[in-house]
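Asks: Quick note: the sequence shown, position 302, residue 302 per UniProt numbering, numbers continuous.
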Amino acid sequence: MEATPDTLLFLVTYREYVAGAGLPPDHANENFVYYAAPVGKLMRATKITFNPKGELFAVRGADVFSGHLPLSPGEEWFTDDRKVGTAEWGNYKFLLFDPQGELYAVTNQGDLFKGPAPTDKALPWKYHTGILMGSGKIVSLEPQALATQKTFTNSSGQPHKYSFSVSKEITTTSTFSHDQSYTVSTKSEITFSAGIPSILETEGKISINRSTTRTWNFTETNTITTSFSATTDVTLAPNTSLCMQAFVTKGVMEIPYRARVRSYFGYEFTIEGVYKGATVFNLTVKQTDCKSLASTSASRAGLL
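1) Which value, in whole angstroms, describes the spacing of the CA atoms of Lys-53 and Glu-16?
2) Nearest CA to the CA of Lys-205: which residue from Pro-124, Met-253, Tyr-14, Asn-154?
3) Just confirm the distance between the C-beta atoms of Ser-174 and Tyr-275, as a whole number of angstroms; I'd bet it's less than 8 Å.
4) Identify whether Gly-101 lies in helix, strand or coil by the three-state DSSP scheme.
5) Skipping 5 residues on each side, what residues in its chain have a beta carbon closer than 6 Å to that of Thr-46?
6) Report the option in Pro-99, Asn-91, Ala-117, Ser-193 whose CA atom is closest to the CA atom of Val-106.
7) So what does DSSP say about Ala-81, is it helix, strand or coil?
8) Expressed to the nearest angstrom, what Euclidean distance is found between the alpha-carbon atoms of Ser-193 and Thr-129?
9) So, with DSSP's three-state summary, where would you put Asn-108?
10) I'd like to know whether the C-beta atoms of Val-248 and Phe-228 end up nearer to each other than 8 Å.
11) Determine the direct distance from the alpha carbon of Thr-279 to that of Arg-300, and round the result to whole angstroms.
12) Leaving out the 5 sequence neighbours to the left and right, which residues in its chain are closer than 7 Å to Lys-168 when beta-carbon positions are compared?
13) In the DSSP assignment, what are the bridge partners of Glu-76?
14) Tell me which residues share the same chain as Asn-108 and place their Cβ nearer than 8 Å to its Cβ, disregarding the 5 neighbours each side in the sequence.
15) Hey, would you say Phe-32 sits closer than 8 Å to Pro-25, going by beta carbons?
16) Nearest by alpha-carbon distance to Val-64: which of Asp-289, Ala-117, Ala-230 is it?
17) Using the Cα positions of Thr-240 and Asn-154, report the straight-line distance between them to the nearest angstrom.
18) Can you tell me whether Trp-216 is helix, strand or coil according to DSSP?
19) Taking just the CA atoms, how far does Gly-110 sit from Glu-55?
20) Determine the DSSP secondary structure at Ser-90, reduced to helix, strand or coil.
21) Classify Asp-120: buried if its beta carbon has 16 or more other beta carbons within 10 angstroms, exposed otherwise.
22) Could you tell me the distance, in whole angstroms, from the CA atom of Pro-159 to the CA atom of Ile-131?
23) Around the C-beta of Phe-164, are 16 or more other C-beta atoms found within 10 angstroms, so that it is buried, or is it exposed?
24) Indicate the three-state DSSP secondary structure (helix, strand or coil) for Tyr-275 in the structure shown.
25) Considering only the alpha carbon of each residue, which of Thr-288, Phe-57, Gly-20 lies closest to Phe-78?
26) Could you pull out every residue in the same chain whose Cβ sits closer than 6 Å to the Cβ of Phe-10, ignoring the five residues on either side in sequence?
27) Looking at the secondary structure, which residues open and close the alpha helix (DSSP H) in which Tyr-34 lies?
28) In whole angstroms, what is the alpha-carbon distance linking Val-166 and Asp-289?
29) Decide if Ser-207 is buried, meaning its Cβ has at least 16 other Cβ atoms within 10 Å, or exposed.
30) On the criterion of 16 or more Cβ atoms from any shown chain inside 10 Å, does Pro-70 qualify as buried, or is it exposed?
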């Protein structure tokens, strides 16, 4: 790779762990170690690399740290607030960022991994998550209108056929709370694949649909979009009116869970907490005289 005018070469000496920086040498006879400007010490650092933004990542022991370049020879660079990974980084022998910011790491056994840069000192970089969900409870069940009611009026002297159609998507959210024994960084992302909790329409019980899995996130709000559509034909007698409206049932669930996180190198820990999420189901089309349906809607709104 050809050096550009703003290229900076960074080194750490073998025995003293002195960090230095300077312009790359122009020819083989130049002794870069002697003219590089000392910028600090990275005591017992075993691996260093930089991401495309110029942030330094350095491994010491089993931990990895991230931050700006040392600014002075006396600065203690390996501080707890710079720690972004723990427990396994001594098992990697080579680290490298690509221009897009993806981290490549080679283990001591020669296995190559790729992924986002580490951000959470309590979370392994490469891990597998298994989750067990317990018996939950239904917090609430409420009807939710898919659209405003529609009125059909037959002013003729003959019966007339009408068609009522509805099509809508509803997005519901869910979160995973966790006990205070495990602290999750706001920048970390813990994902896993599992079934989708739902409420059985006929039994009114919580069920986990394991035939359909999705990727869940422990640290962010999860969303699920459900599509509903229906078409209903009605025949109105002469000089009559009919109001129609589609509803679904929205249920909120709380389910305790236990997740076991295991890293590639065998490091394990457990997260416990509560899943709280909503689901929508049971599409129904109600038809009644317009006065009756309007009274029902007003009653739900607290107007009657």
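Note that CB positions come from ideal geometry on N, CA and C, so glycine has one too.
Replies: Inspection of the coordinates gives the following:
1) 27 Å
2) Met-253
3) 7 Å
4) coil
5) Val-59
6) Asn-91
7) Note that residue 81 is Asp in the sequence shown, not Ala. In this structure, Asp-81 counts as helix in the three-state DSSP scheme.
8) 8 Å
9) coil
10) yes
11) Residue placement at Arg-300 is poorly supported in this model, since its pLDDT is 44, which falls under 50; the coordinates are not used for a value here.
12) Leu-146, Ala-147, Phe-228
13) Lys-41
14) Asn-91, Tyr-92, Lys-93
15) yes
16) Ala-117
17) 5 Å
18) strand
19) 26 Å
20) Here residue 90 turns out to be Gly, not Ser, going by the sequence shown. The answer is helix: DSSP assigns Gly-90 an H, G or I state.
21) buried
22) 58 Å
23) buried
24) strand
25) Phe-57
26) Ala-21
27) 32-35
28) 19 Å
29) exposed
30) buried
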